[in-house]
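**Student:** Everything in the sequence shown is counted per this note's numbering, starting at 13 for the first residue and increasing by one.
Note that the Cβ used here is the ideal one computed from N, Cα and C, for glycine as well.
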Amino acid sequence: NTILRLFFPALLLPVFSSAQMTVNSPIIPQSWVIQLAGSGISISNITYTGSPYAIGDFNSSAGIGLVSNSIYQGVMLSTAHCQHSIGPNTTPSNSDDLHEAGDPLLTAIVGVNTYDAAVIDFDFIPDSNSIRFKYIFASEEYDEFVCSCYNDAFAFMLSGDTITTPINLARVPGTMLPVSINNVNGGFVGSLASGSNCACNLGNTQFYVGNSDGTEIEMDGFTVPLEATAVVIPHHTYHLKIAIADA
């Protein structure tokens, strides 16, 4: 538990604009969820659980990720103070302990206790037959803990009228693997993973960006912009839970 408090991930959910890199926290989650949703969808019952400092908005003049597929503005969820995600990357172990509870769903997914969870829940009714949104996962656990059993947890859990078992939409493209440092990484075992027998995949390097000398964000590595998608039935009610926690 002590080790895991030293590292925090961040989840970045975008809308598109252009500005110098700034982070503002706390924010009002309800207004940002509606803005992120855009048109063609009705949102209701928005709740946020977690530290007020674990959710914020950000602007980035350069765009986080690939130049041709960048994220410039959006919402950040973190297991630490969002302000501490601002670059440059000057330390391999930026840390915070927000003294928040974990999330039961994430605990069940990773099989260990979770802490400092930040969770957005809301209901929605789509007008179309699909939903999609773009995100980046970043973590201070890169690269040292790759292939270890210390994995911060996050998920986009979709449920609703036509879905009997909740579906995690945060998957490595083309696979059923959940996005994590053990499934998206630089292709090598981390220095602090010695003796680990946890599942690890080193073959998805095309989705990873190392950030040891990064200037925009503090985290040591992050994914390229990924897209979560799902087929839905128009005018039915669904529920989306976006959650992140230390594990």
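Using 8 Å as the threshold, is the segment 222 to 233 in touch with the segment 108 to 128, meaning 3 or more CB pairs across them?
**Tutor:** With a cut-off of 8 Å, the segment 108 to 128 and the segment 222 to 233 do not count as touching, because too few Cβ pairs lie within range.
**Student:** Name the one or two DSSP bridge partners that Thr-126 has.
**Tutor:** According to DSSP, Thr-126 bridges with nothing at all.
**Student:** Would you list the residues sitting across from Asp-135 in a DSSP beta bridge?
**Tutor:** Its beta-bridge partners are Ser-56 and His-251.
**Student:** Can you list, in chain order, the residues of its chain with a C-beta nearer than 6 Å to that of Ser-142? Leave out the 5 residues immediately preceding and following it.
**Tutor:** Answer for Ser-142: Val-243, listed in chain order.
**Student:** Relative to the C-alpha of Ser-51, which candidate in Ile-148, Gly-86, Ser-140 and Thr-34 has its C-alpha closest?
**Tutor:** Of the candidates Ile-148, Gly-86, Ser-140 and Thr-34, the one whose C-alpha sits nearest the C-alpha of Ser-51 is Ser-140.
**Student:** Would you check if the distance between the CB atom of Asn-216 and the CB atom of Asn-195 is smaller than 8 Å?
**Tutor:** Against a cut-off of 8 Å, the Cβ pair of Asn-195 and Asn-216 comes out as a contact.
**Student:** Let me check one thing: in DSSP terms, what residues is Leu-238 bridge-paired to?
**Tutor:** Leu-238 pairs with Tyr-147.
**Student:** According to DSSP, is Phe-200 part of a helix, a strand, or is it coil?
**Tutor:** If DSSP states are grouped into helix, strand and coil, Phe-200 belongs with coil.
**Student:** Could you tell me which residues DSSP pairs with Ala-257 in its beta bridges?
**Tutor:** Its beta-bridge partners are Ala-165.
**Student:** For Phe-28, does the three-state DSSP call read helix, strand or coil?
**Tutor:** Annotation note: pLDDT 48 at Phe-28 (below 50); position unreliable, coordinate value reported separately. If DSSP states are grouped into helix, strand and coil, Phe-28 belongs with coil.
**Student:** So, at 6 Å on beta carbons, what are the nonlocal neighbours of Ile-98 in its own chain, with the 5 sequence-adjacent residues on each side left out?
**Tutor:** If we look at Ile-98 and ignore the five residues flanking it on each side, its Cβ neighbours are Val-35.
**Student:** Taking all protein chains shown into account, decide if Glu-10 is buried (16 or more other Cβ within 10 angstroms of its Cβ) or exposed.
**Tutor:** What is shown of the chain runs 13 to 259, which leaves residue 10 out entirely.
**Student:** Where does Ser-97 fall in DSSP's three states?
**Tutor:** Helix, per DSSP.
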